[in-house]
Amino acid sequence: MEWRHASDGFDEAFTSTGDVRDLYEGLVHSFESLNEGELERREQLQSMSLINQGITFTLYGEDEGVERVFPFDFVPRIITGKEWDTIERGVVQRVTALNLFLTDLYTDQHCLREGLVPHELVFEGEEFLRELIGTRPRHGIFTQVVGTDLLRDDDGQFVVLEDNCRNPSGVSYVLENRNLLFRVFPELFNQYGVRPVELYPQMLREVLGFTAPRGRENPVIAVLTPGIYNSAYFEHSFLAREMGAPLVEGRDLIVEDDQVFMRTTRGKQRVDVLYRRIDDTWLDPVVFQEKSTLGVPGLMHAFRQGNVTIANAPGSGVADNKAIYPWIPDVIRFFLDEDPILPQVQTYIGQKSADASYIRDNLNELVVKLCGGAGGYGMLVGPTATKKEISDFRTRFDAAPWDYIAQPLVEFSHHPTWTGEGFEPRRVDLRPFALFGDGVQVLPGGLTRVALEEGSYVVNSSQGGGSKDTWVLAENQP
Amino acid sequence: MMGMLARGAENIYWLGRYLERAEGVARMLQVLEQISLEIRGLDPELSNRIWEDLLHIYPGSGMSRPKNDDPDQIAEAFIRNFLLSSDNTLSVAYSIRSARENARVIRENLTREAFVLLNECHIRLDAFTQASEINRMQMRDALSFTRQEVFGIWGAIQQTFSRDEGLRFLDMGTVIERAYRTLLLLRVKLPFILESPSQSDLPIYYARIRAMLKAVASLENYRRSHGADLDPMQVSRFLLFDQRAPHAVQVCLRMLKRQIDDLEYGSPMSHPSRLLGKLAARMEFEEQEILASSSLETTCSEIAEQVIEIHQAISRLYFTV
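Quick look at the structure:
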């Protein structure tokens, strides 16, 4: 059974000389004790399990509406307790600062008056919702759930690639991947003390309950989904089921007297907390997209009145706007008076004319992203793009340079990944999930996304990415 | 007390109806194939015509009688259409796909065991609908495994579901579909079985009564209750009133009443409850009159209409809040 290690960048399992890292020795040994026939059998069992359980996402674009299984690679990624401690502290610090930043932006705006962040970056982005100026969600918590995307650089250090403060998705796969691995490769767990992730739904429910409107004992929590054709519908129903909460669509809700109700078999039932998985602009046709059928007329007013908690709060997207990202280290210093624990990637902003020229002239060396983009859409990876792709992208960039940011290509770390023939290095990132209620907690695990294609940097499920189980070892482990 | 989401209740109700329908149509196809083979040598014309029963028990299929007279081709056309067609909204494949869509919508109300079994059944059947060539033997296999898998799903539901409103709506959908189809079967078959056959027609006559009982999974139950005596009035009474017959109309209505009573416990009587009470009372106290009616098939038609009214009243009350 062949194991190949990465020739460039950091390899999670192998040293630069090709030796197995101590941390991975047990894992490699466990896989080596299985013959190829057995591996194939387990792989089939895993595929059937994913298909039969309907652990899928839905594609947009050409194959719209088609359900696809989110590919799962059975080689788990291992993170030591010590490494996790840094990640955890860094994410807690970042989420705390981002929420203080959001509260300030929508209330006193000290950070703008003191020139911490350029006004225009905040006000010109569509993520900032003027309608919410003066609104302070319960306990000042805008983002109950944050997914922070991390990479490990060539030196093995974790760096922040971006924050996801709106509707970070993927946590269902974190839990399902663990279940799947328990079932298909139980022996892998023999030599490691892996911290459990199954508590997440309970943690989420507690966080949502903590931020419920004042005076609502035993609040009614519902998950708001755009419906079964949404790409992340599996996750929406998964979380609703695991939390024991109803999964509602906009048509199930009505607002009366600034209170939100759902239509039940016993008439209208008040809803206190909406864990929404709908973008801001579709939430309320009265305030945003007039033609939205996904949202609920009057919802924003009920939210402003404090009668319903919307998690994450509308307007949170301003904190993860890619154009704001370069200022986050300053945001941390400003609000917490601390240096950032986790470093982040150098970023050029299309809105600055000098940066725009630099981006334009160096498209072939940069990763260029749409400020409001997500899921890898509208992105150029210069070093791997063809001349035509770069030329086409330049045309789009020239039309609206302010819509883009660019970063030097940061080499992702590699991780052994089963290809059907052997274990090959593939690029991975990591999305830990932080929950903000009575304090910030980080789930000890996270979503490791893997670019399954050789040489690819794109880890998004919609574009050929897969995922791995992520093991955070207990503190007494190496 | 908190009710369940109205849209969720509607989906779970239809999940029950579609599962019942899928199993019912698959069973009916198996029975029709067998009876048509059994009587082919005795009455070839009837052996072809008997397939048309499907069009009356499952009206609205959009299928018309094949122009061909070849018995194999007729059988294959009906089986293919009612098993695999995506245009026929009553086909087994369509019903399973719809049940699975309903299940996806309310997945948070389902247990993992029930969803996985339904998903497996859908995936297996979908592979048949996508295949370019399916022969008769494969279609028979598909009918068998679909029935087995639906039974497995029901088993998982009974063993793992929370005893709450969701299960009530699922049971309501199941028994309404069941009662309605039993009534349509009786409507189609009674004119024939209540006729006195000539001596020479007896083998076909009894074969058809047996097939009728099998079509509602009741032949073995009937024999257990009444032995081998296939008396037409006794068979009619069995399928309308006998408490030992799970597909008997009165059994279904009693189950439906129990579910609605539980749902409405402590509330004023609703419209569906009133309609159901009226029908249940008639079935309860007018058994002899119903069986003695000059046109029992017309009575079955009337009762079927009342069942549809109850379905509509349930939809209006619970699903359109």
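One line per chain: the protein sequences are V and S, in this order.
Residues 1 to 478 (the working numbering) are what the first sequence spells out, left to right.
Residues 1001 to 1321 (the working numbering) are what the second sequence spells out, left to right.
Cβ coordinates follow ideal geometry from the N, Cα and C atoms, glycine included.
Cross-strand partners of residue i (DSSP beta bridge)
i       : result
H414/V  : D11/V and R427/V
S467/V  : F72/V and R449/V
A311/V  : Y275/V
T148/V  : D163/V
A1103/S : Beta-bridge pairing links A1103/S to no other residue.
M262/V  : L253/V and Q269/V
V223/V  : L247/V and Y275/V
A434/V  : V146/V and V442/V
L1005/S : T264/V
Any chain V beta carbon closer than 8 Å to residue i
i       : result
N1011/S : no
E1020/S : no
Y1318/S : yes
A1006/S : yes
N1102/S : no
H1172/S : Sequence check: residue 1172/S is Met here, not His. Not an interface residue.
I1123/S : yes
V1175/S : no
F1115/S : yes
V1150/S : no
G1016/S : no
R1107/S : yes
G1003/S : yes
Reduced DSSP category for residue i - H, G, I as helix; E, B as strand; rest coil
i       : result
E1120/S : helix
T58/V   : strand
K352/V  : coil
R130/V  : helix
K268/V  : strand
Y404/V  : strand
G142/V  : As written in the sequence, residue 142/V is Phe, which differs from the Gly given in the question. Correct three-state label for F142/V: coil.
K1067/S : coil
Q305/V  : coil
Q1158/S : helix
K369/V  : strand
R77/V   : strand
Q1243/S : coil
Q1030/S : helix
V197/V  : coil
E25/V   : helix
E1165/S : helix
V1321/S : coil
Proximity test, residue i beta-carbon vs the ligand NAD heavy atom, cut-off 7 Å
i      : result
L366/V : This structure does not include the ligand NAD; it has no bound ligands of any sort.
Burial state of residue i (16 or more Cβ within 10 Å)
i       : result
G1008/S : buried
H110/V  : exposed
Y1265/S : exposed
M1172/S : buried
N369/V  : Note that residue 369/V is Lys in the sequence shown, not Asn. With 16 or more Cβ atoms within 10 Å of its Cβ, K369/V is classed as buried.
I1106/S : buried
F1285/S : exposed
K322/V  : buried
I349/V  : buried
H414/V  : buried
G420/V  : exposed
S353/V  : exposed
P196/V  : exposed
T17/V   : exposed
E475/V  : exposed
Y457/V  : buried
H1056/S : exposed
F335/V  : buried
Integer-rounded CB distance, given that residue j should sit under 8 Å from residue i
i       : j       : result
V308/V  : P213/V  : 7 Å
S1225/S : R1244/S : 6 Å
T417/V  : D73/V   : 5 Å
A1156/S : L1117/S : 5 Å
P432/V  : V442/V  : 5 Å
Residue-chain proximity (residue i, chain S), Cβ-Cβ < 8 Å
i      : result
M203/V : no
G209/V : no
N52/V  : yes
G298/V : no
R263/V : yes
V248/V : yes
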